[in-house]
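Chemist: Questions regarding the structure given below will be posed in turn.
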């Protein structure tokens, strides 16, 4: 049995509360998913740029990174819903990290994957945590029903500046490599790309080379300012994230992907590919 106490600890006061819920699956606001499943409210990773803090109500949103609610009866509710709802693509998760520290105890993400896969749903996992390797047996058992995304905004210690309690990028990279070695469909999420933080050619190249080296698809997205998240960023990273800036960043990413031999898609292209929609034509970024 491996030891899963792998999370960096800092002198932070955190509180975890159990709650009961009436619903598990909710309609997704993201076009690539039919449903969203968020086992926890709030996230102890406490990433400064995270849009989820603007959509999280109550104490977990107000004290982002310090308070988490655990949906203690989630699996009970999910079993009932999975038997009643039309199977589709489930995003695990969209406003929390399903493998943040409480998951080591509560195992809600693991239980949810089993329930959903057995009911014919497809599960798309996204996390910053190498705890995801604990469930490698599930990903191999339900290989056709699960894909796993590992978020890496920057390599090395630089990431810690805006991701104060998330696992180190090196640990995430190793987890992604292990998943790929085991034949799990894995992708790297390079996002958000924040002006002045991780938008240099050198920073982008490091993550793209990682994806290429393990044969993983890379999906990328720009920083989209939200009031609470934007206010928490250091002033140096509150630069204008305009169209001209993003056009140049996308051009750089595409060049680096060609050089590295990596398959890279922005989020718009990714959901179109997942939904079988035709790709965007050049110059039509953001078109419906």
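In full-length UniProt numbering, the protein residues as written are 1 to 288. No residue lacks a Cβ here, since even glycine has one placed at the ideal position from N, Cα and C. These numbers were taken from a predicted model, which means no experiment stands behind them.
In terms of residues, what are the limits of the alpha helix (DSSP H) holding residue 257?
Modeler: Residues 243 to 260.
Chemist: Below 8 Å CB to CB, which residues in the same chain sit around residue 19 once its five sequence neighbours on both sides are set aside?
Modeler: Contacts found: 41, 69, 70, 71 and 72.
Chemist: Name the two residues that bound the continuous alpha helix (DSSP H) containing residue 42.
Modeler: Unbroken run through residue 42: none, as it is neither H nor E.
Chemist: Helix, strand or coil, according to DSSP, for residue 7 in the structure here?
Modeler: Unreliable positioning characterises residue 7 in this predicted model, as indicated by a pLDDT of 40, which lies under 50. The coordinate reading is nonetheless provided below. In the structure shown, residue 7 sits in coil (DSSP, three-state: anything other than H, G, I, E or B).
Chemist: Shortest alpha-carbon distance to residue 48 belongs to which of 238, 188, 266 and 163?
Modeler: For the residues 238, 188, 266 and 163, the minimum Cα distance to residue 48 belongs to 163.
Chemist: Between 229, 212, 262 and 195, which has its C-alpha nearest residue 248's C-alpha?
Modeler: The shortest C-alpha separation from residue 248 is found at 195.
Chemist: Between which two residues does the alpha helix (DSSP H) holding residue 21 run?
Modeler: Residue 21 -> no alpha helix (DSSP H), and no H or E assigned at all.
Chemist: Residues in its own chain within less than 6 Å of residue 210 by CB, not counting five upstream and five downstream?
Modeler: 173, listed in sequence order.
Chemist: For the structure I just gave you, are there three or more beta carbon pairs, one from the stretch 136 to 154 and one from the stretch 71 to 89, closer than 8 Å?
Modeler: Not touching, per the Cβ criterion.
Chemist: Within 10 Å of its beta-carbon, does residue 244 have 16 or more other beta-carbons around it, so buried, or fewer, so exposed?
Modeler: Burial call: exposed.
Chemist: Pick from 88, 119 and 138: whose alpha carbon is nearest that of residue 109?
Modeler: With distances taken between Cα atoms, residue 109 lies closest to 138.
Chemist: What are the uninterrupted segments assigned as alpha helix (DSSP H) that are 4 or more residues long and contained completely in the stretch 189 to 221, given in chain order?
Modeler: The stretch 189 to 221 contains these whole alpha helix (DSSP H) runs: 201 to 214.
Chemist: At what residues does the alpha helix (DSSP H) containing residue 66 begin and finish?
Modeler: That residue, residue 66, is in no alpha helix (DSSP H); it is neither H nor E in DSSP.
Chemist: Just to check my reading of the structure: residue 16 and residue 102 have Cβ atoms closer than 8 Å, yes? What is that Cβ distance to the nearest angstrom?
Modeler: Contact flag correct, Cβ pair sits at about 6 Å.
Chemist: Let me check understanding here. Comparing Cα to Cα, which of 112, 55 and 98 lies closest to residue 76?
Modeler: Closest by alpha carbon: 112.
Chemist: Specify whether the stretch 48 to 65 and the stretch 179 to 187 touch according to this definition: at least 3 beta carbon pairs, one from each stretch, less than 8 Å apart.
Modeler: Touching, no.
Chemist: Within 10 Å of its beta-carbon, does residue 128 have 16 or more other beta-carbons around it, so buried, or fewer, so exposed?
Modeler: That one is buried.
Chemist: Could you spell out the range, first to last residue, of the alpha helix (DSSP H) harbouring residue 54?
Modeler: Note, residue 54: alpha helix (DSSP H), 52 to 55.
Chemist: Taking the Cβ atom as the reference point for each residue, do residue 165 and residue 13 lie within a distance shorter than 8 Å?
Modeler: No, Cβ-Cβ distance for residue 165 and residue 13 is not below 8 Å.
Chemist: With residue 36 as the anchor, note down where its beta strand (DSSP E) starts and where it stops.
Modeler: 35 to 37 is the span of the beta strand (DSSP E), which, as asked, contains residue 36.
Chemist: Please go through the same chain and pick out, in chain order, the residues whose beta-carbon is closer than 8 Å to the beta-carbon of residue 286, but skip the five residues on each side of it.
Modeler: For residue 286, the predicted model reports a pLDDT of 31, less than 50, meaning its position is unreliable and no value from the coordinates is stated.
Chemist: Taking the beta carbon of residue 157 as the centre, do at least 16 other beta carbons fall within 10 Å, making it buried, or is it exposed?
Modeler: It counts as exposed.
Chemist: DSSP beta-bridge partners for residue 126?
Modeler: Per DSSP, 149.
Chemist: CA-CA distance, residue 95 and residue 54?
Modeler: Going by the C-alpha atoms only, they are around 10 Å apart.
Chemist: Is it right to say residue 26 is buried, meaning 16 or more other beta carbons lie within 10 angstroms of its own, or is it exposed?
Modeler: Its Cβ having fewer than 16 others within 10 Å, residue 26 is exposed.
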